[in-house]
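So the structure is just underneath, and the comments pick up after that.
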Amino acid sequence: MSAERRGVVVILPDDYERTTLPDVEGAFGHMHLDVMSDVSRLEAPRAGAPEAGVRTLRRVGVVVADAERSEEVAKYYSEVPGAAVLEDRRVRAYPSVVDAVAVALGDSPTETWARTALNLGGCRWTGRGAKVAVLDSGYASAHPDFAGRPVATAVFNGAPSPGDLYGHGTHCLGLVGGPAVPSRGPRYGVAPNASLYVGKVLGDDGQGWISDVLTGLNWALAQGCDVVSLALGWQDDDPAQVAGFETVASRALARGCLIVAAAGNESARPALVSPVSFPASAPSVLAVAALDTDLSVDIRSNRGSAGGPQIDLAAPGAAMWSTWPQATYQTADGTSMATSFVAGVAALWKESSPSLGGRSLWAAMTAASAKLPYSSEDVGAGLVQAPS
């Protein structure tokens, strides 16, 4: 991923479908035709990085321009009432790898400790009928635990395939929807029958751009996904960036799609406690904290603040065993793992009550969470629980 990439992201006003897009055609002429072509490709299963330099993401109300077109696009939209022109920013995965072989302390021979904490033993739901998108570094399709599993894929960062050399996306996808009977080790996944969607938005270095995340989110909405998992982020306190993503997230919620994101791992408790990272800092994104094996707050997990970004729910995030490239397994720590669990549990809730979606799905999970003896700034409403 080039460090020099500097495009712009335009958050269109709420009436963009009626007013803004027709104006763009007059302003940009042939460029607008390129944009429309890109929209068609983005909404197909074989979605990929566009070549025209400008993408219109209709479902989220966003226009993305690459560096070559950023100046003219920014100039035009700066004169459109209600549009916000933002610099494209970098994001990264939130991993903390522990051990490549050993099963985590506290796991039984048949189940990881996280499954017990999430009340999965008493849950009869498997996520069937729920659609979950994981926007991350791709996934290792050759892993035996994904054998025969239909997974819809799309690439948004220009990579040649949705394959995963970094490992983070593969690990998170396993936690969301790993099989009921893994090829080796204890059961670790949450929703084995959920419909899985993988959007590759991060490179093989675990880094990416918010424009690609937004493009992936647009694709997920086009596929009708109920849940989008963003186990990524950045410490970005720019109010304009947060406000822009908040607009997008609120539109997704209104469409019945719940965005779940990692609160971040920048803390080193007790000496250093960092605030909730972007984009989890947007109020319409469900921000997830990580818990240790004794259900205490993980030392790396970021924290909410009075009057600032909040933690909404907590989930296991220490020594999590899951899939890894090259048909192996890995244990990893962090809010990425916790986020993946919350996304998987959301799929169970969706199956248990299909009318749930967006804000109502969020509310149901919050109401059923298990209370913890910690501040809501650390754990939100508490430990997420599967429906019984």
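Numbering follows full-length UniProt numbering, in which position 95 of the sequence shown is assigned residue number 95; successive positions increment by one, without gaps.
All C-beta atoms, glycine included, are put in the ideal place defined by N, C-alpha and C.
- Judged by pairs of C-beta atoms under 8 Å, the stretch 331-343 touches the stretch 260-271, as three or more such pairs exist.
- Counting only runs of 3+ residues, no beta strand (DSSP E) is found wholly inside the stretch 349-383.
- Residue range 207-209 is occupied by the beta strand (DSSP E) that includes GLN207.
- When secondary structure is reduced to three states using DSSP, GLN385 falls in the coil class, being assigned neither helix nor strand.
- For GLY177, the enclosing alpha helix (DSSP H) covers residues 168-177.
- Assignment of beta-bridge partners to GLN330 by DSSP yields SER322.
- Rounded to whole angstroms, the Cβ separation of LEU291 and LEU383 is 7 Å, and the two are in contact under 8 Å.
- A distance below 7 Å between beta-carbons, with the five flanking residues on each side excluded, links ALA114 to the following residues of its chain, in chain order: PRO316, MET320 and PHE341.
- For TYR16, the three-state secondary structure derived from DSSP is coil.
- Of the residues assessed, VAL134 falls on the buried side of the cut-off, its CB having 16 or more other CB atoms within 10 angstroms.
- Under the DSSP assignment, SER250 falls in the alpha helix (DSSP H) whose first and last residues are 239-254.
- If you look at THR56, you'll find it isn't in any alpha helix (DSSP H); it sits in the beta strand (DSSP E) that goes 54-57.
- TYR197 has ALA133 and ALA152 as its beta-bridge partners, per DSSP.
- Note that the C-beta distance between CYS172 and ASP136 is below 8 Å.
- Of the other Cβ atoms in all chains shown, fewer than 16 fall within 10 Å of the Cβ of GLU68; this residue is therefore exposed.
- Residue nearest to CYS123 within the set LEU12, TRP349, GLY177 and ARG89 is TRP349 (criterion: CA-CA distance).
- For SER70, the enclosing alpha helix (DSSP H) starts and ends at 67-77.
- ALA262 carries a strand assignment under DSSP once its states are collapsed to helix, strand and coil.
- Non-local C-beta neighbours of ARG269 in its own chain, meaning closer than 6 Å and more than five positions away in sequence, comprise ILE299, ordered along the chain.
- Checking the DSSP bridge columns, you'll see ALA140 has no partner listed.
- The beta carbons of ALA74 and PRO13 sit no closer together than 8 Å.
- Counting the other CB atoms within 10 Å of its CB gives LYS131 a total of 16 or more, which places it among the buried residues.
- The straight-line gap separating the alpha-carbon atoms of ASP294 and GLN330 is approximately 20 Å.
- Closest in alpha carbon position to PRO387, among SER376, ALA381, ASP378 and ALA364, is ALA364.
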